[in-house]
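In the order they appear, the protein sequences are chains A and B. If you count the first sequence from 1, you need to add 64 to reach my numbering. If you count the second sequence from 1, you need to add 64 to reach my numbering.
2 protein chains.
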Amino acid sequence: MPLEKTQPERNPEDAKFGRLDDLVGYHLRRASIFDLQGVGSALERANTRPVPMSVLLSITETPGISSAEICRSLGMQRANIVPILAELEERGLFLREADESDQRVQRLFPTRRGEEAATEWLALVAEHERSMLRRLTAAEQTELRRLLAKIWQEDGPKQG
Amino acid sequence: MPLEKTQPERNPEDAKFGRLDDLVGYHLRRASIFDLQGVGSALERANTRPVPMSVLLSITETPGISSAEICRSLGMQRANIVPILAELEERGLFLREADESDQRVQRLFPTRRGEEAATEWLALVAEHERSMLRRLTAAEQTELRRLLAKIWQEDGPKQG
DNA sequence: TCATAATGCTATGTCACATAACAGTCAATC
DNA sequence: GATTGACTGTTATGTGACATAGCATTATGA
Chain A
65 MPLEKTQPER
75 NPEDAKFGRL
85 DDLVGYHLRR
95 ASIFDLQGVG
105 SALERANTRP
115 VPMSVLLSIT
125 ETPGISSAEI
135 CRSLGMQRAN
145 IVPILAELEE
155 RGLFLREADE
165 SDQRVQRLFP
175 TRRGEEAATE
185 WLALVAEHER
195 SMLRRLTAAE
205 QTELRRLLAK
215 IWQEDGPKQG
Chain B
65 MPLEKTQPER
75 NPEDAKFGRL
85 DDLVGYHLRR
95 ASIFDLQGVG
105 SALERANTRP
115 VPMSVLLSIT
125 ETPGISSAEI
135 CRSLGMQRAN
145 IVPILAELEE
155 RGLFLREADE
165 SDQRVQRLFP
175 TRRGEEAATE
185 WLALVAEHER
195 SMLRRLTAAE
205 QTELRRLLAK
215 IWQEDGPKQG
């Protein structure tokens, strides 16, 4: 074993999950809550929240994306993106444009203010992440992100 | 046709956060949601949910723990543990006993059935974890758990 | 003794998220 | 070329986890 926990006496035979603390999912949840609280308070300064930020970033990173595509990408329901888009639109952060060949879909494009807001919000979150990950080396941070992505991303040969 | 998320090439020097995908917190959230769904459906077979399982495990791992101690350990509010304890108690999984020196405190002890339920529930979750982590080596799983714990646990070596 | 704090608890609010249904549009099949 | 099914954006509504505020009781300590 590479690393040992400095916790109670563990029987080597007991290498299976025997305690709450052994569950990766427990630490996942605690770490995610910890992160969400930090992100939440960081984004308060920009008067927004995590999900609207993710939606805006989806638009700035993929101009012309549709709301349904954002929902599939972020794993959220179409119904729930409606008030979020309404809020971002009211703040003048993106524009809707009818698709040329499919009148059902609206293509979403960031405005100049939307680009600026995305950069600003991302900086706030990045500052929080630096604090949250301060006790991890750069290599550990990269490894952590890689392992997390491997958990939730589908098997299919997606992006590199 | 849906837009393909053609990503711009990443310059390795450009190590700063520029995209949603670069944020560890984003992957944390997605992985945690993924886990929570799996744990939820796994525990459905035992007619329970993640938080009651964590509470029961707190009792079996630390017999005589109080409800306030469980709340501090799990990071939850005292008000919210009340219906959970009521449910576990109704299922005969633990007993309350008055503290000898402090009449405010109830000490919680697992029953035989509580011990059995804890083992059974933990096995269900462990089975889910094996599936969730199937693409990670044993060393990677250990490393992931270590890095996650380093994120949310306070600086002092504290158990919880 | 009086102020402060902790425990277990009730009542209630909030907020993210899911479900169900809708009209309009598209595409494929018969 | 009607029809069937699927997809889009949307409204309305339910739900479930979680937080807040306050209570009576008990403990602590200046």
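By construction, the Cβ of each residue, glycine as well, lies at the ideal position given by its N, Cα and C atoms.
- Pairing A:L84 with A:A182, the inter-Cα distance amounts to about 38 angstroms.
- Segment contact: the region 169–176 of chain A against the region 187–206 of chain A, fewer than three CB-CB distances shorter than 8 angstroms; contact not assigned.
- When C-alpha distances from A:E180 are compared across A:L157, A:T201 and A:A213, the shortest belongs to A:L157.
- When rounded, the separation of the alpha-carbon atoms in A:L152 and A:I97 is 25 angstroms.
- Residue state for A:E161 is assigned as strand, using DSSP reduced to three classes.
- Pairing B:V103 with A:G102 gives a Cβ-Cβ distance that is not under 8 angstroms.
- Taking the Cβ atoms as the reference, B:S118 lies roughly 12 angstroms from B:L100, outside the contact range of under 8 angstroms.
- Each of B:D163, B:L149 and B:A143 was checked against the Cα of B:S122, and the nearest Cα belongs to B:L149.
- Chain-order list of chain A residues neighbouring B:D99: V88, G89, L92, R93 and I215, by C-beta distance under 8 angstroms.
- Contact between A:R94 and B:W216 is confirmed by a C-beta separation of about 4 angstroms, below the 8 angstroms threshold.
- Among the residues facing chain B, A:V189 is included, as its CB has a counterpart in that chain under 8 angstroms away.
- For B:R171, the beta-bridge partners assigned by DSSP are B:E161.
- When Cβ-Cβ separations below 8 angstroms define contact, B:E204 makes contact with chain A.
- The beta carbon of A:R177 does not come within 8 angstroms of any beta carbon belonging to chain B, so the residue lies off that interface.
- According to the DSSP assignment, A:M196 belongs to the alpha helix (DSSP H) that extends over R176 to M196.
- Taking the Cα of B:H192 as reference, the smallest distance to any Cα among B:T206, B:D86, B:H91 and B:A106 is reached at B:A106.
- Exclusion of the five residues before and after B:Q141 leaves C135 as the residues of its chain whose Cβ lies within less than 7 angstroms of its Cβ.
- Contact with chain B is absent for A:S195, since none of that chain's Cβ atoms lies less than 8 angstroms from the residue's Cβ.
- Straight across, the Cα-Cα distance linking A:L87 with B:A190 is about 7 angstroms.
- Contact annotation, A:L200 with A:L211: C-beta distance approximately 12 angstroms; criterion of less than 8 angstroms not satisfied.
- With a contact defined as Cβ atoms closer than 8 angstroms, B:H91 and A:A203 miss out at about 16 angstroms.
- Below the 8 angstroms Cβ cutoff, chain B contributes R83 and L84 as neighbours of A:L121, in chain order.
- Cβ-Cβ distances below 7 angstroms link B:P114 to L100, V103, G104 and L107 in the same chain, with the five nearest sequence neighbours on each side left out; the list follows chain order.
- With a 10 Å radius around the Cβ and a threshold of 16 neighbouring Cβ atoms, A:S165 comes out exposed.
- Of the residues assessed, B:P147 falls on the exposed side of the cut-off, its CB having fewer than 16 other CB atoms within 10 angstroms.
- Look at A:G139: its C-beta is under 8 angstroms from a C-beta on chain B.
- Against B:R142, chain A offers no close residue; the least beta-carbon distance is about 17 angstroms (beta-carbon pairs closer than 8 angstroms).
- Here the alpha carbons of A:L120 and A:R109 stand approximately 16 angstroms from one another.
- In this structure, the CA atom of A:Q167 is about 19 angstroms from the CA atom of A:I145.
- In summary, A:G178 is buried, with 16 or more beta-carbon neighbours lying within 10 Å of its beta-carbon over all protein chains present.
- Contact of A:R199 with chain B is assigned, a C-beta pair being separated by under 8 angstroms.
- If you check each beta-carbon in the region 144–170 of chain B against every beta-carbon of chain A, none falls closer than 8 angstroms.
- Inclusion of B:L159 and B:T175 in the CB contact set at 8 angstroms is warranted, their separation being smaller than that value.
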